[in-house]
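> Sharing a structure here in structure tokens format.
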Amino acid sequence: MKELVLAGNPNAGKTTLFNELTGARQSVGNWPGVTVEKKQGKFTYQDENWVVTDLPGTYSLSPYSMEEKIAGAYIVEQRPEVVVNIIDASNLERNLYLTLQLLELQQPTVIAMNMMDIVDRWKIELDIKKLATKLGVPIVPISASRSEGLEELRSAIAEVSKKPSLGMGNPVTFSEDIEATIAKLMKEYQLDEKESRSRWQAIRVIEEDLDVCASLGVEKLHLYDHERTEMTHLRYRYIHDLIDRVMKRPERFESMTEKADKILMHPWFGLPIFGFFMYMVFTMTFTFGGWLAGPVESLFGWVSVSVDAILTQLGVAEWMISLLTDGVISGVGGVLVFLPNIAFLFLALSVLEDSGYMARVAFLMDRFMRKIGLSGKAFIPLLMGFGCSVPAVMATRSLESDRDRKAAMMMIPFMSCGARMPIYLLFASVFFPGKEALVTFFLYFLGVLVAVLMGTIFKDTLFKGSGDPFIMEMPTYHIPTMKTVGRSVWEKVEDYIVRAGTVLLAASVVLWGLLNFNMQGMTEMVNSFGAQLGHMIAPIFAPMGFGNWESSLSLVTGIMAKEAIVSNIAIIFGMGEAAGEAALNGNMSGMLTGIQQAFPLAAAFSFLIFSLLYTPCLATLTVIKRETNSWKWMFFSAGYTFAVAWVYAVIGYGLAMKFSVLVSAAVLAFGTMGMIAFRTRDKRRKEEVEWEQL
Amino acid sequence: MGKPFDEFRRGRVVKCNEYNLCERVDIQPETSYDGLNDNSYQLEEMRMTLLYSKPGEQMVVDEITWSPGVKRRLEDMGFIKGTPVRVIRSDGFGAIVVEIKGSKLLLGRGMAQKIKVKQAA
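Which chain is which? The protein sequence lines are V and B, in order. Residue 580 in this note's numbering sits at position 593 of the first sequence, and the numbers go up by one each step. Residue 83 in this note's numbering sits at position 73 of the second sequence, and the numbers go up by one each step.
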């Protein structure tokens, strides 16, 4: 089996080409030791099997970030048969920089020249043959999005793999000084001149690749800062000369992208337009997702009933049936009900991402996000938190620095997700009839305020200092292809099912055990471990006005899944599942009396605030654990949200005991706003110095 | 926060020492342009960064005053001494948009502040 690696800039169409080359035969994993995604796929050409490895999209191979290090090291160590470098022909100057660095690796290379259609549209004349001669590698014009030129690309790959010298290329010869330095280094570290990687190793020492330096035993660093800058300079000058010879550009004219940006990035209309897009995304997510959620729910209901019936007939023990239906099926079903929502949310977001619009959103939101110490890019994951925290946490992958990712992850749980809605509706209709919308709006708003406040606090404590050096290319707009969007949605859906599903399965079983057993064996819920646990933790909730074991336990079980709180209240308060189901469907009458008895008005108010803010659900925590690769952050997220919720709920309860609920709500909201204003005002001068210091 | 240009007129600039520790220095507007005041030199210097370049004006990259890591990153993106660069969008708050090496880049204010530029000859 032969190996091919795919390298290229972000936005050059690498993923599209990868999908076109390999079709459905893909597998996704991580590069060893890091959370950078590693994709591999397979294809067969002329009876030869190929493995395609998709390298992370990078602008260079300089050992600056994780991705760049991986890309360079993988090619040198793995020595694939062919390196395919995909280039965006409409952005040649920047793309060729990576190409030159790839040629320095001295591995057989083929260039896939993508987006030739744009070049034609812009009336740019590009002499590909001449460019191929100059660079010394075969260049195949393709259009990845229209599947054109793939056959030619495959045949070029096969040819180069049989005769590697065809694709060795002519790497840049640097200036005399630098060539002398390279020669000196090769001598100093006894690198074999005939070995193709020796020169690269010497270059890497100049570029300060710490891994290469360590393997060669280089001790002194920062010796070649000047040479390094000079090398970059020479590469770009080489590209400049090259482009002058092979490309003829017409007079500057306004491209479609520039015309579109005049509207989409307009100082006044840009934000409203973005708001409209987001409104559409959420409407679509909830409308279409909602259509599908119903059938999924009925499916699990049906499965549960059938399993119950079949197992009863087979004479299986009752506890076993209960475990399967109440524990496993309802637990897993509860999660999968959200799958359609998640799929649609990702569909919409991946269209926005692939089209190139997200870079514009980052621009529009940067001014606001800077106040909480994040760059504009971090806005998207926070926004997704209104849908569901799980995909929102997953979306933080688009942020570069660890600090920004963690800060965003810690704020996301305060964005009130869709699963918390039933709680608001239930309590609002019981205690504040006729004001459901107002109550719900207040809670969403309070959530955002708390998230922002936490952002301003984190900025000066946990996540101090500079974030991402914010630099981002603004790609030309593209119409995303079905295949690419489809694949990226499927990957996320698959991930959600597998990872969240397995953990939730285990957790469901544990909860079921807690609620159905005590030391003596199977028992009624009132005597179960769960009830005992509820009694034990009830004192924690007492200052908020609801110190009974039932509400304590339903909140704890709410960590399983927030939407479960409503049905759990029904079950735990002994109102029967029917009432809980009815409540979820909007008929609260069955639960009215029970809840009204259990909660005084002020306690209901604090219960709402607490369920808005407290510990995110297990699925979210699991994803945080996976994305940060640390238990510490998972527990921190669980703990600090609980603390924040507790403080807010206790204050809310205290206020609501003395004043009306409306006044208490206003005090909480304005108090938080005041604190945000105080923190941002206080820091304004300091922050200005800070960003200049960055 | 007002527009950067206004801040210049008000004479508020940030002075950094060789260790990149910065403090805010107030310059009197009356004396800032007379060429004699020591601060005025800094004022001019501050103006010559990408952050304070006027949109549309053709500039060239002069120097990157940043840590070696970020400097290298910027160099890889094409910010090398002598490279033509043009600010396309600068609103006085939030990120700026520049055109360099035939493509458009978003730059955070912190980044743009550290890229010194000169008028294109």
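Beta carbons are placed, not taken as given, at the ideal position from N, Cα and C, and that holds for glycine.
1. Can you tell me whether V/Asp313 is buried or exposed? The criterion is at least 16 other CB atoms within 10 Å of its CB, across all chains shown.
2. Decide if V/Asn616 is buried, meaning its Cβ has at least 16 other Cβ atoms within 10 Å, or exposed.
3. From V/Val631 to V/Val648, what does the alpha carbon distance come to, in whole angstroms?
4. Quick check: what's the CA-CA separation for V/Leu197 versus V/Ile57?
5. Report all residues from its chain with a CB closer than 7 Å to the CB of V/Met352; omit the five preceding and five following residues, and keep chain order.
6. Just to make sure I have the definition right: I need the residues of chain V whose C-beta is within less than 8 Å of the C-beta of B/Lys114. Which are they?
7. Roughly how many angstroms lie between the CA atoms of V/Arg215 and V/Leu229, to the nearest whole one?
8. If we count the other Cβ atoms within 10 Å of its Cβ and call it buried at 16 or more, is V/Ile682 buried or exposed?
9. Could you confirm whether any beta carbon from chain V is found closer than 8 Å to the beta carbon of B/Ala105?
10. Going by the beta-carbon positions, is the gap between B/Met87 and B/Val127 smaller than 8 Å?
11. So B/Leu117 packs on V/Phe350, CB below 8 Å; how close in whole Å?
12. Mind reading off the beta-carbon distance from B/Pro94 to B/Ala130? Whole number of angstroms is fine, and I expect it under 8 Å.
13. Compute the Euclidean distance between the alpha carbons of B/Val80 and V/Met53, then round it to the nearest angstrom.
14. Which same chain residues, not among the five before or five after V/Met345, have their C-beta less than 7 Å away from its C-beta?
15. By the three-class DSSP mapping on this structure, what secondary structure does V/Pro378 have?
16. How long is the line joining the alpha carbons of V/Met265 and B/Phe103, rounded to whole angstroms?
17. What does DSSP give as the partner residues of V/Met100 in its beta bridges?
18. Looking at the structure shown, is V/Phe419 part of a helix, part of a strand, or coil, going by DSSP?
19. V/Phe457 by DSSP, collapsed to three states: which one?
20. According to the Cβ coordinates, are V/Arg66 and V/Gln94 closer than 8 Å?
21. Is the CB of V/Asp179 under 8 Å away from at least one CB in chain B?
22. Residues of chain B with CB closer than 8 Å to the CB of V/Glu80, please, in chain order.
23. Counting only beta-carbon separations shorter than 8 Å, does B/Leu60 have a partner in chain V?
24. For B/Gly66, which residues in chain V fall below 7 Å Cβ to Cβ?
25. Rank V/Ile596, V/Tyr464 and V/Pro327 by C-alpha distance to the C-alpha of V/Asn78 and give the top, closest one.
26. Mind checking if V/Gly44 is an interface residue toward chain B, Cβ cutoff 8 Å exclusive?
27. Identify the continuous beta strand (DSSP E) that holds V/Asn36 and give its terminal residues.
28. DSSP on V/Tyr32, reduced to helix/strand/coil?
29. Taking the C-alpha atoms as reference points, what is the distance between V/Thr219 and V/Phe161?
30. Rounded to whole angstroms, what is the Cα-Cα separation between V/Ala131 and V/Phe325?
31. In whole angstroms, what separates the C-alpha of V/Ala424 from that of V/Ile74?
32. If you measure between the beta carbons of B/Gly74 and B/Ile125, is that distance less than 8 Å?
33. Kindly identify the DSSP beta-bridge partner or partners of B/Arg96.
34. Flag V/Thr667 as yes if its beta-carbon sits less than 8 Å from any beta-carbon of chain B, otherwise no.
35. Taking any Cβ of chain B, which residues in the stretch 338 to 355 of chain V have a Cβ under 7 Å from it, in chain order?
36. V/Gly(-5) lies in the alpha helix (DSSP H); which residues open and close that run?
Short version:
1. The residue in question, V/Asp313, is buried, as its Cβ has 16 or more Cβ neighbours within 10 Å.
2. V/Asn616 is exposed by the Cβ-count criterion.
3. Computed Cα separation, rounded: 20 Å.
4. Approximately 13 Å, taken between the alpha carbons.
5. If the five residues before and after V/Met352 are omitted, its C-beta is found closer than 7 Å to the C-beta atoms of Gly363 and Phe366, all from its own chain and listed in chain order.
6. Per Cβ cutoff of 8 Å: Glu460 and Met461.
7. Rounded to whole angstroms, V/Arg215 to V/Leu229 spans 21 Å at the Cα level.
8. The structure shown has nothing for residue 682 of chain V, since chain V only spans -12 to 681.
9. Yes, its Cβ sits closer than 8 Å to a Cβ of chain V.
10. Between B/Met87 and B/Val127, the gap from beta carbon to beta carbon reaches 8 Å or more.
11. Rounded to whole angstroms, the Cβ separation of B/Leu117 and V/Phe350 is 10 Å, and the two are not in contact under 8 Å.
12. Confirmed, Cβ separation roughly 6 Å.
13. Those two C-alpha atoms are separated by around 14 Å.
14. Counting only Cβ-Cβ distances below 7 Å, and skipping sequence neighbours, we find Leu339 and Ile367.
15. In the three-state reduction of the DSSP assignment, V/Pro378 falls in the helix class, which pools H, G and I.
16. In this structure, the alpha-carbon of V/Met265 lies about 23 Å from that of B/Phe103.
17. Bridge partners of V/Met100 according to DSSP: V/Ile74 and V/Pro128.
18. In the three-state scheme derived from DSSP, where H, G and I count as helix and E and B as strand, V/Phe419 is classed as coil.
19. Correct three-state label for V/Phe457: coil.
20. For the 8 Å CB-CB criterion, V/Arg66 and V/Gln94 form a contact.
21. For V/Asp179, the nearest beta carbon of chain B is not closer than 8 Å to its own beta carbon.
22. Neighbours of V/Glu80 on chain B, chain order: Gly88, Lys111, Gly112 and Ser113.
23. By this cut-off, B/Leu60 is not an interface position.
24. None at all; the shortest Cβ gap to chain V is about 13 Å.
25. The shortest Cα separation from V/Asn78 among V/Ile596, V/Tyr464 and V/Pro327 belongs to V/Tyr464.
26. No, V/Gly44 does not count as interfacial toward chain B.
27. Element bounds for V/Asn36: Glu35 to Asp41.
28. Three-state result, V/Tyr32: strand.
29. As the crow flies, the alpha-carbon of V/Thr219 is around 10 Å from that of V/Phe161.
30. Cα to Cα, the separation comes out at about 33 Å.
31. One C-alpha to the other measures close to 52 Å.
32. In the sequence as presented, Gly is not what sits at residue 74 of chain B; that position holds Ile. Yes, the pair counts as a contact, with Cβ atoms nearer than the cut-off.
33. B/Gln68 and B/Glu109, per the DSSP bridge assignment.
34. When Cβ-Cβ separations below 8 Å define contact, V/Thr667 makes no contact with chain B.
35. Flagged, chain order: Ala346, Ala349, Phe350, Asp353 and Arg354.
36. Element bounds for V/Gly(-5): not the alpha helix (DSSP H) but the beta strand (DSSP E), Lys(-11) to Gly(-5).
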